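Quick note on numbering: the sequence shown equals residues -23 to -1, 1 to 235 in mature numbering (1 follows the signal peptide of the UniProt record, and there is no 0).
All residues carry an ideal CB built from backbone N, CA and C; glycine is no exception.
If you're wondering where the values come from, they're calculated on a predicted model, not measured in any experiment.
The next block holds one structure in the form of structure tokens; read it before the comments.
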Amino acid sequence: MALYLSMIITILNLLLSITISQASGTYQPRDVILLNCGESSPIKTSDGRTWEGDTLSRFLPSNASMLSETSSASSQDSSVNPVPYMTARLIHSNFTYNFPVVSGPKFVCLYFYPLTYSSFNSSTSFFSVTANGYSLLSNFNAYLTVSSINHQASSFFKVFVITVWETEQLKITFTPSQSSFAFVNGLEIVSMPSNLYTKDLSFISYPLVNNGDLFYFDNSTALENSYRLNVGGKPMLMIRECFERGLMIRTLSWVIWE
Ligand SMILES: *[C@@H]1O[C@H](CO)[C@@H](O)[C@H](O)[C@H]1NC(C)=O
Ligand SMILES: *[C@@H]1O[C@H](CO)[C@@H](O)[C@H](O)[C@H]1NC(C)=O
Ligand SMILES: *[C@@H]1O[C@H](CO)[C@@H](O)[C@H](O)[C@H]1NC(C)=O
Ligand SMILES: *[C@@H]1O[C@H](CO)[C@@H](O)[C@H](O)[C@H]1NC(C)=O
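Below, the structure written as structure tokens:
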């Protein structure tokens, strides 16, 4: 595990024919966790979802106050949603959120708004994130990530798919790089249908984008949503961003993590 395979695959419509109807109609996720990092009170957003604050949360390690602090963004662009982006947890030493969830595949979204928090400028923040042994981000800098796309600080989120096994909880660990700090504005964890991207039948495979070779994977492979190909469609409404984004997109590319 924790090996980045450096391969990109494209998943096409065919696999999702079964699960889309399930997704849009009757699928009820068992786990829905919306954690607004650095905030103490629950806040309901205009899409009707309630984000719980993380400061008194049962998901925090008991020594959270030794390892981290909370802060509000130094300023906020009016185009950025206040929840979960207005507040952050700044992490100074290895820090693990521990989520009791049922087994099965989960969407995991990490929300970032790379500004200055207290005296900490996120441009100097480098860190890694692992989840149950999968390496999700490595020596990651949210400020550089977003300014390479937009040329200005803005909010964004990263979406991953991770299978949680029978005996596990979902442990998400932030590890600051040497003499640096980590930060995160929000965490979202939502159960997903078990056959959305993998099938019980082992002969389902996907062509790799770069050379067309077939790649096989099952639910022990973690995925990161890498590119979204909007194929001649209308822009999608992203009300329940992470979750529906994961479910509704039919043609997309994933980076594969093992
Ligand atoms: C914080 O607690 C975790 C376990 O809950 C432990 O592994 C870690 O060493 C502790 N860190 C410090 C700095 O005490
Ligand atoms: C934090 O985790 C990293 C990677 O697992 C490890 O190398 C490092 O020793 C840990 N640091 C502390 C203070 O526990
Ligand atoms: C992983 O996939 C196998 C084969 O489809 C299935 O039997 C198993 O329940 C899945 N495990 C989880 C935790 O989703
Ligand atoms: C944070 O660092 C960036 C890059 O060095 C710099 O452009 C920006 O002005 C800094 N922000 C603050 C509030 O100091």
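Output the distance between the C-alpha atoms of residue i and residue j, rounded to the nearest integer angstrom.
i           : j    : result
P170        : S96  : 42 Å
M(-17)      : T107 : At M(-17), the pLDDT of 36 sits below 50, so the modelled position is not reliable; the number obtained from the coordinates is stated separately. Rounded to the nearest angstrom, the two C-alpha atoms are 19 Å apart.
T144        : D54  : 42 Å
L114        : H69  : 17 Å
C14         : T64  : 6 Å
F76         : Q146 : 6 Å
K148        : S80  : 13 Å
L92         : S52  : 8 Å
residue 238 : S39  : Because the chain is modelled from -23 through 235, residue 238 falls outside the range shown and cannot be assessed.
S18         : S34  : 10 Å
N71         : E16  : 20 Å
G163        : T22  : 14 Å
K211        : V136 : Residue confidence is low: K211 scores 31 on pLDDT, short of 50, so the model does not pin down where it sits. No coordinate-derived value is stated.
Q5          : N109 : 24 Å
Within this structure, are the beta carbons of residue i and residue j separated by less than 8 Å?
i    : j    : result
F158 : S102 : yes
A59  : N196 : In the sequence as presented, Ala is not what sits at residue 59; that position holds Pro. Contact: no.
T73  : T150 : yes
D8   : S168 : yes
V138 : F84  : yes
S99  : A119 : yes
V57  : S131 : yes
A41  : Y94  : no
V78  : I166 : yes
Starting from residue i, trace the alpha helix (DSSP H) in both directions and tell me its first and last residue.
i   : result
Y88 : It is not in any alpha helix (DSSP H) - Y88 instead sits in the beta strand (DSSP E) that spans G81 to F89.
Alpha carbons only, please: which of the options is nearest the one belonging to residue i?
i    : options                 : result
P61  : N71, L67, E29 and E46   : E29
R26  : A41, I10 and T93        : I10
V161 : F76, S52 and T47        : T47
P153 : G15, R66 and K21        : R66
L37  : L12, T122 and A50       : L12
L87  : F134, S156 and P6       : F134
T122 : G110, F89, T22 and S156 : F89
S156 : N116, G110 and N109     : N116
Within 8 Å (strictly less), CB to CB, does residue i reach chain D?
i    : result
M169 : The question asks about chain D, but that chain is absent: this structure has only one protein chain.
I need the boundaries of the beta strand (DSSP E) containing residue i, first residue and last residue.
i    : result
F104 : F104 to A108
L11  : V9 to N13
G30  : T27 to G30
**Study point:** Runs of alpha helix (DSSP H) wholly within the region 34 to 75 (minimum 4 residues, chain order)
**Key:** Those alpha helix (DSSP H) runs which fall completely within the region 34 to 75 and span 4+ residues are 41 to 44 and 59 to 62.
Check your understanding: Along the chain, which unbroken stretches of the beta strand (DSSP E) at least 3 residues long are found entirely within the region 113 to 168?
Key -> For the region 113 to 168, the full-length beta strand (DSSP E) segments reaching 3 residues or more read 133 to 141, 147 to 153, 159 to 161 and 163 to 168 along the chain.
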